[in-house]
Every structure is written in structure tokens, then in C-alpha cells.
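**Student:** Per full-length UniProt numbering, the sequence shown runs over residues 1 to 334.
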Amino acid sequence: MKLTMKQLADLAGVSTTTVSLILSGKGERFSKETKERVKKLAAQYHYYPDFYAQNLSTKANKTIGVIVPDLTDFFFGEVLKGIESVTTKEGYTVLLFHSQHSPKMEKKGIELMLSRSVEGIILATPYTLEENYFKHIKATCPILLLDNQGNKREQGKIDIDEKQGMQLAIDELYRCGHRKIFYIKENKKYYQLKEREKGYINAMKKYHLYHPEWMIETDLSVEGGYKGCEFLLSQDKKIDAIICANDYMAIGVYRSLFKYGYQIPEDISIVGFDNIDMASYITPALTTIHQPIYELGQVAAKSLIEKIQNPQHPIANKTLEPSLIKRESVSEKI
């Protein structure tokens with residue numbers, strides 16, 4: 001149970017007014033000893049000033065906190081659209097926090113959410129949370145982890161089967177006769193993208209094709225794809241196909257290949273990942289792995305709201321399946 005201001009005041013031996021003023025930064029008139037005692041107890045019991053206390057005295061605030069590492073990323077943009085399609089319909093407001101790929105900022109975001117008395121939190125994190133801290137959050141309000149199986153817990157995880165997506169890509173390339181299949185991967189070590197790498201390794205081993213040096217590490221961007229392909233071409237290796245960790249990287253690969261006169265897919269086949277809108281408009285249209293990202297956001301929001309409305313019911317773990325979108329960037333090898 002969350003500690004109330006009255007309980008904290010009793011522990012500190014002061015009034016609730018004193019606690020409120022000190023924790024809101026307006027306690028100049030109190031002694032240093034009193035301020036330190038209140039702040040120490042607040043930290044010890046994970047107490048956060050309740051921003052909506054007056055409004056919440058009689059009813060829930062119907063606010064859900066959402067924390068994402070990158071607001072500019074296509075993946076999280078689609079997730080947010082999915083979340084808001086459900087929260088708007090159900091009458092909930094979304095309080096959004098951008099953690100900027102920083103564990104410190106992520107923790108700050110969680111504390112902000114708790115101080116605003118959100119009814120639940122959807123946390124999209126590439127990091128593993130400290131077990132004790134995670135238990136504290138869960139005891140304060142329902143929390144759902146989005147697309148990160150790296151945090152071990154029995155309930156409240158919703159993700160996409162990244163390994164299966166990579167298996168689909170390699171199955172298709174193998175069926176088309178390609179054997180020298182290279183992978184341009186990201187260098188940030190995010191859980192989801194590490195799962196794609198594991199999927200590549202497993203699928204290549206399945207066909208007895210795995211060579212570690214066929215994986216090229218670079219930035220997860222158009223420029224990263226371009227540089228990765230430039231490096232790959234400089235190695236003067238025979239290439240049948242290239243898989244990219246996302247579609248933006250694939251666009252960079254297109255640019256590099258066209259620069260040297262290669263034709264796609266006649267010379268080299270390309271497969272992307274994520275199925276961004278642009279994938280169907282570039283030439284040739286990109287064959288890619290569709291991630292049900294919008295649906296991921298919808299399922300997350302529905303699951304969390306069900307938990308809020310039925311506190312005794314656990315949040316069931318769910319894994320969504322990707323699919324192969326065949327377009328024009330893969331050819332059958334003669």
C-alpha cells in the first residue's frame with residue numbers, strides 16, 4: 001500500500017502541512033534537521049507528493065503513464081497511436097514521458113508518474129530494472145512492461161516474437177535460393193534488436209549457413225545502413241542477400257548499392273524489418289517483416305485498463321506474431 005501524507009507526517013513527528021511544504025520545495029522556514037528528517041523518511045518509504053490529491057479524494061483520475069525511450073522512433077510512435085486509440089475510447093488520459101535512452105531519466109519518469117498518482121504505467125524500456133525497485137513500483141500501482149522479456153516476471157509482459165520475424169525472413173531468402181545472407185545489425189544492444197540477432201543466428205544455423213563475420217554492426221539509422229553496406233562491399237565478398245535490423249537501415253543500403261551500380265533484387269536481395277509506411281513507396285518496394293506495433297499498443301492499453309478496473313486479476317503475458325510482407329526487393333536466384 002502507498003504511504004499517505006498523514007502516515008509520513010506521524011513518522012516524522014510533524015504536521016501534514018509541514019510535510020507538504022518541505023516536499024514541494026517551500027519549506028524554507030523549517031530547520032535543516034526537520035527538512036532532512038522528512039526527506040529521508042520520504043525516500044525510505046518511496047513516498048511521492050500527490051499532485052492530484054485534492055481531485056482524487058472522491059474518484060480516480062483515469063490517467064495512465066506511458067514511458068518511452070525515443071519519441072522520434074517509428075516503433076514507439078506506432079505504439080503510442082495504439083495506446084491512445086484505446087485510452088481515448090475508454091475515457092483515460094495519457095501522461096507521456098520521454099526517457100531519452102537513459103536509465104536515470106527513466107527512473108525520474110517513473111517517480112513523476114507516481115507523484116501524479118497515475119492509475120497504471122506502461123513502460124517501454126530496453127533496460128533491466130532493479131528487482132527491489134520493480135517490486136516497489138508494482139506495489140504502488142499496476143505496471144506493464146512493453147516488448148522487453150529481459151525483465152523477468154511472471155505477469156505483465158507484452159511483446160512481439162522478434163526471433164520468429166527473423167526466421168520468416170531467412171526462410172523466404174533460403175526458399176528463393178539465397179545462401180550468402182548477411183545481416184546489418186544495430187550497435188545499441190537493445191533487447192528487441194538482440195532478439196532479432198539471436199533469430200538470425202538460429203535461422204542461419206538451421207540451414208548450416210552461419211558465419212559470425214556475416215554480421216555487420218552499425219547505427220540503427222539510414223546513415224548506419226549506408227555505412228554498414230559500404231563496409232560490407234569493401235570486403236569484396238560474394239553477397240546474395242542482406243537483411244537489415246530495420247527498414248531505415250535498408251534505405252541506406254539501397255543508396256549504397258545504387259552508388260556502385262548494383263541492381264535490387266537482380267544482383268542482391270534486401271529484406272527490412274518493421275514495415276514502415278515508406279517501405280512500400282521506395283523503388284523497388286521493400287520486402288520486410290511486419291511488426292504488429294499498433295496492435296501492441298492497443299493490447300497493452302486494454303490489458304492495463306482491465307487490471308485497473310479489476311485489481312485482483314493479473315495482467316496476462318502476451319506475445320504477438322510478426323508476418324512477412326513480400327514486395328519487390330527479393331528475387332529467386334537462378
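Think of the CB as a built atom: it goes at the ideal place given N, C-alpha and C, for glycine as much as any other residue.
Check L220 in the structure and name its three-state DSSP category.
**Tutor:** Working through the sequence shown from its first residue, we reach residue 220 at position 220. Of the three classes helix, strand and coil, the one that applies to L220 here is coil, per DSSP.
**Student:** Which term fits residue 341, buried or exposed, when burial requires 16 or more other beta carbons within 10 angstroms of its beta carbon?
**Tutor:** With the chain covering 1 to 334 only, the question about residue 341 has no answer from this structure.
**Student:** Taking the alpha carbon of F258 as the reference point, which residue from I308, L233 and L220 has its own alpha carbon closest?
**Tutor:** Along the sequence shown, read from residue 1 onward, the residue named residue 258 stands at position 258. F258 has its Cα closest to that of L233, out of I308, L233 and L220.
**Student:** Should N275 go down as buried or exposed, given a rule of 16 or more other Cβ atoms within 10 Å for buried?
**Tutor:** For the purposes of this step, residue 275 is taken as the residue at position 275 of the sequence shown. Residue burial is scored here from C-beta neighbours: N275 has at least 16 other C-beta atoms within 10 angstroms and is therefore classed as buried.
**Student:** In the DSSP assignment, what are the bridge partners of I64?
**Tutor:** Residue numbering aside, residue 64 sits at position 64 when the sequence shown is read from its first letter. V94 and G120, per the DSSP bridge assignment.
**Student:** If you follow the alpha helix (DSSP H) that L304 is part of, which residue opens it and which one closes it?
**Tutor:** Here residue 304 refers to the residue found at position 304 when the sequence shown is read from its first residue. Here the alpha helix (DSSP H) through L304 covers I293 to Q309.
**Student:** Applying the 10 Å Cβ sphere with the 16-neighbour rule, what's the burial state of N246?
**Tutor:** Here the question's residue 246 lines up with position 246 in the sequence shown. Classification of N246: buried, given that the 10 Å Cβ count is 16 or more.
**Student:** Which whole-angstrom value is the C-beta distance of I239 and F182, which I expect to be below 8 Å?
**Tutor:** Your numbering for residue 239 matches position 239 in the sequence shown. Your numbering for residue 182 matches position 182 in the sequence shown. Indeed, because the Cβ distance is near 6 Å, the residues count as touching under 8 Å.
**Student:** Under 8 Å between the Cβ atoms of S323 and A285?
**Tutor:** Here residue 323 refers to the residue found at position 323 when the sequence shown is read from its first residue. Here residue 285 refers to the residue found at position 285 when the sequence shown is read from its first residue. The answer is no: Cβ separation not under 8 Å.
**Student:** Measure the alpha-carbon distance for H290 versus E162 and round it to whole angstroms.
**Tutor:** Counting from 1 along the sequence shown, the entry for residue 290 is found at position 290. Counting from 1 along the sequence shown, the entry for residue 162 is found at position 162. Cα-Cα distance, rounded: 11 Å.
**Student:** Compare the Cα-Cα distances from E295 to each of L112, I158, G13 and E223 and report the closest residue.
**Tutor:** By 1-based counting over the sequence shown, the position of residue 295 is 295. The shortest C-alpha separation from E295 is found at I158.
**Student:** Skipping 5 residues on each side, what residues in its chain have a beta carbon closer than 8 Å to that of I160?
**Tutor:** The count along the sequence shown starts at 1 and reaches residue 160 at position 160. The answer, listed in chain order, is D147, Q192, Q291, P292, I293, L296, T319, L320, E321 and P322.
**Student:** Measuring only the C-alpha atoms, how far is N187 from P69?
**Tutor:** By one-based count along the sequence shown, residue 187 stands at place 187. By one-based count along the sequence shown, residue 69 stands at place 69. If I take the Cα positions, the gap works out to 16 Å.
**Student:** Indicate the three-state DSSP secondary structure (helix, strand or coil) for D236 in the structure shown.
**Tutor:** The residue labelled residue 236 in the question sits at position 236 within the sequence shown. If DSSP states are grouped into helix, strand and coil, D236 belongs with coil.
**Student:** In three-state terms, what does DSSP make of D159?
**Tutor:** As a first step, residue 159 must be located in the sequence shown, where it is residue number 159. Strand at D159.
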